[in-house]
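Protein chains in written order, with the working numbering: chain S, 670 to 1170; chain U, 9 to 346.
Heads up, the beta-carbon is just placed ideally off N, CA and C, and yes, glycines get one too.
The structure under discussion appears below in the form of structure tokens.
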């Protein structure tokens, strides 16, 4: 145990009653690549934030280089040599490479003379160490993405980092660039730098990692030697769990096609060409990894980034969608993923929030009618069981689950034909989650067609009558309710097998 | 738990009423009137009351129309320059194009609406920040005004029937421009506080993205506030010309900042979302009474600028302090109940 540069023991962390991590242990040896895997929301980011000191754990112990650390904060983590590199390099694009590196190395001091020669030499030395052939005088904005990542690695190495956390570093890289990055990682491993490596690309993980820790629902499933597993073992460990949790039943009878999407695409938002149908009474799950293009597709259908090709038909009639307003008028509504920023207006009352999308209906002559508004809000507060101090309470004062119900109430009031839900139960506690599930089913039973985007695999499998799987902006698979297994859906999402799009 | 929540909301509501920007302003206004009644000659007279009103109509029109702009989180720096341009155009149309004052006024209002539409289009179509757009049109409109007059032309000798709008009295006491101002102020109050459009402006100012995701007609609402602001600036220009009896290219210089001062003093958040037309009117009254009182008290006019600055900064920081205080009280109450 003594060679561990980082050792987390029984870490627990909860946010407002939601247990994000439960007694997770994780250790990292010098010169090792330790992969951290799990579904979206399994607790990876929380664990990373505990390691970098952004979150302090409720329980558990953190040891760095064998010494116990009390109250790890971001500054201390940096001093202890812990650094994180994210998908998007955090560099100053308009400064040169050596300046970017110097910003991390040199203590800020006013009126100090800048020694350009020294800066350049230090930058060149660090860049050599990561095996990068980059001119220290080049501007960061002129570099390619992997070059920027190498600069970032060089920068954190300069600060004496011994633990490097890499969160999806290859998500935006081409295969050639990936191998360049992997080469740099191998070089640094020889120097004794430890890596915590997060990636959804399993082949890459097997190529690099010495050990793999799998997280699921905030607990650690176990730590394994990479050589002792294969991909399907790993997928099973990531998702394998009892899926028989109480979800409302399947759809009783599917009606006619409510939404038909024919070759719809939007180049600007990375949706090449998508076709599918939704039937009345049906809940269709849209699965895929973060960044697979699910939210982008929803935003195209709702007109936030309007489609530039293809046809959209609602109840057999072609509709032209140019804005959210026209989408809502056509009967397509969208419950956004980012509830606090898009789903509701936090600083305004439930009254305002619930009537917001149907001003024309509630206030037909353009005057604010307080009675009508109050009746509408009270009705939904009652129907959805929204717990609040009254309809005048600010939406921001409610709990996550109740905020989500308010966001839903707004669209229910509009009585849509097609309802697109984006992560409807994200950040919602278990009780409210179940209520929202039941509500979604009852909406479908009333004849709505529901498209549910969710990263929660059991939720997708438990709720959906059909599952569509997206990868790289395209639909890569379809599963009927009976044939949907978590392994199958996950494999399709990860792109095991055919990689074509 | 539930009871606890109710108790804290009611006490919170009670404090909030006290800490409203409006009550601070009202207090300030009473204080001003009290002081100037003692120090100013003829301050506390009916004639002076109406004189103050008459003097604040041009600024008041601009400030009232500025309120919905700022509510959406925008700003319109061009209104002072637009006032100048409209004044010149009115004079040009009447004197050189030979239009009747009525027709010229009509065309001038049209010009104002169009200039506002230009601001609105740049903000909504090109998605440029309103500060930049109207900073540009601020120079542009004044530049046009100066180009038309070559910097020297001055339009005077307007017919008495037109000058009545700015200099006459209805029933011998009420300044003729007052009914016009009251009508505009009431219309804007109704628009902002009683209509769906006003509600949508607030939501736009509070959460621009949330408004789009709710399917609100964001662009057309924003377009509307700039068009209205331009139209009202033109109206203000007519009142200005009738009031002074002349139109020069420098008319309304600096008015935009005074209008913004009145709006912000009246409790409208410069970030958008919060604010009221009656707050703006109160802010305006505080500024107008101060200016008038200083003059009648034989105090130097320069003091006006200094006091305006001090006033704005104290009221704003005072509001912040009171919000902090009410938060403290709320937290303490909650702690006591817990």
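Extent of the continuous beta strand (DSSP E) to which residue i belongs
{"i": "residue 254(U)", "result": "Run containing residue 254(U): none; DSSP gives neither H nor E here."}
{"i": "residue 809(S)", "result": "Per DSSP, residue 809(S) belongs to no beta strand (DSSP E) and is neither H nor E."}
{"i": "residue 703(S)", "result": "702 to 706"}
{"i": "residue 864(S)", "result": "863 to 867"}
Nearest candidate by alpha-carbon position, reference residue i, set the options
{"i": "residue 826(S)", "options": "838(S), 1059(S) and 862(S)", "result": "862(S)"}
{"i": "residue 835(S)", "options": "878(S), 1012(S) and 1007(S)", "result": "878(S)"}
{"i": "residue 113(U)", "options": "288(U), 310(U) and 97(U)", "result": "97(U)"}
{"i": "residue 1143(S)", "options": "1162(S), 1132(S), 812(S) and 784(S)", "result": "1162(S)"}
{"i": "residue 50(U)", "options": "304(U), 284(U), 331(U) and 149(U)", "result": "304(U)"}
{"i": "residue 921(S)", "options": "897(S), 943(S), 952(S) and 898(S)", "result": "952(S)"}
{"i": "residue 1118(S)", "options": "1071(S), 927(S) and 1072(S)", "result": "927(S)"}
{"i": "residue 768(S)", "options": "886(S), 830(S), 674(S) and 786(S)", "result": "786(S)"}
{"i": "residue 992(S)", "options": "217(U), 166(U) and 161(U)", "result": "217(U)"}
{"i": "residue 268(U)", "options": "45(U), 48(U) and 76(U)", "result": "76(U)"}
{"i": "residue 792(S)", "options": "765(S), 811(S), 810(S) and 815(S)", "result": "765(S)"}
{"i": "residue 42(U)", "options": "324(U), 297(U), 284(U) and 292(U)", "result": "297(U)"}
{"i": "residue 996(S)", "options": "309(U), 222(U), 39(U) and 287(U)", "result": "222(U)"}
{"i": "residue 282(U)", "options": "59(U), 176(U), 212(U) and 33(U)", "result": "212(U)"}
{"i": "residue 201(U)", "options": "151(U), 72(U) and 148(U)", "result": "72(U)"}
Residues bridged to residue i [DSSP beta-bridge criterion]
{"i": "residue 888(S)", "result": "885(S)"}
{"i": "residue 805(S)", "result": "DSSP lists no partner for residue 805(S)."}
{"i": "residue 676(S)", "result": "696(S) and 732(S)"}
{"i": "residue 986(S)", "result": "983(S)"}
{"i": "residue 1002(S)", "result": "1088(S)"}
{"i": "residue 954(S)", "result": "1121(S) and 1136(S)"}
{"i": "residue 934(S)", "result": "978(S)"}
C-beta neighbour in chain S for residue i, strict 8 Å
{"i": "residue 217(U)", "result": "yes"}
{"i": "residue 214(U)", "result": "yes"}
{"i": "residue 280(U)", "result": "no"}
{"i": "residue 203(U)", "result": "yes"}
{"i": "residue 222(U)", "result": "yes"}
{"i": "residue 76(U)", "result": "no"}
{"i": "residue 194(U)", "result": "no"}
{"i": "residue 275(U)", "result": "no"}
{"i": "residue 211(U)", "result": "yes"}
{"i": "residue 137(U)", "result": "no"}
{"i": "residue 54(U)", "result": "no"}
{"i": "residue 133(U)", "result": "no"}
Backbone CA spacing between residue i and residue j [nearest angstrom]
{"i": "residue 108(U)", "j": "residue 245(U)", "result": "17 Å"}
{"i": "residue 314(U)", "j": "residue 299(U)", "result": "11 Å"}
{"i": "residue 235(U)", "j": "residue 1096(S)", "result": "42 Å"}
{"i": "residue 248(U)", "j": "residue 37(U)", "result": "26 Å"}
{"i": "residue 1032(S)", "j": "residue 969(S)", "result": "29 Å"}
{"i": "residue 859(S)", "j": "residue 799(S)", "result": "11 Å"}
{"i": "residue 783(S)", "j": "residue 753(S)", "result": "28 Å"}
{"i": "residue 1141(S)", "j": "residue 91(U)", "result": "55 Å"}
{"i": "residue 941(S)", "j": "residue 934(S)", "result": "5 Å"}
{"i": "residue 1057(S)", "j": "residue 854(S)", "result": "52 Å"}
{"i": "residue 311(U)", "j": "residue 262(U)", "result": "17 Å"}
{"i": "residue 1048(S)", "j": "residue 1060(S)", "result": "10 Å"}
Element boundaries [alpha helix (DSSP H), containing residue i]
{"i": "residue 143(U)", "result": "138 to 157"}
{"i": "residue 268(U)", "result": "263 to 273"}
{"i": "residue 1148(S)", "result": "Here residue 1148(S) belongs to no alpha helix (DSSP H); instead the beta strand (DSSP E) covers 1143 to 1149."}
Residue-level contact to chain U via CB, residue i, 8 Å cutoff
{"i": "residue 1162(S)", "result": "no"}
{"i": "residue 1017(S)", "result": "yes"}
{"i": "residue 1036(S)", "result": "yes"}
{"i": "residue 1026(S)", "result": "yes"}
{"i": "residue 990(S)", "result": "no"}
{"i": "residue 981(S)", "result": "no"}
{"i": "residue 1032(S)", "result": "yes"}
{"i": "residue 805(S)", "result": "no"}
{"i": "residue 913(S)", "result": "For residue 913(S), the pLDDT reaches just 44, beneath the cut-off of 50, and the residue's location in the model is therefore unreliable, leaving the point undetermined."}
{"i": "residue 1021(S)", "result": "yes"}
{"i": "residue 1013(S)", "result": "yes"}
{"i": "residue 997(S)", "result": "yes"}
{"i": "residue 1005(S)", "result": "yes"}
{"i": "residue 963(S)", "result": "no"}
{"i": "residue 1169(S)", "result": "With a pLDDT of only 43 at residue 1169(S), under 50, the local geometry of the prediction cannot be trusted, and the value read off the model is given with reservation. No, no contact with chain U."}
Contact with chain B by residue i, beta-carbon distance below 8 Å
{"i": "residue 931(S)", "result": "In the structure shown, chain B does not exist; the protein chains are S and U."}
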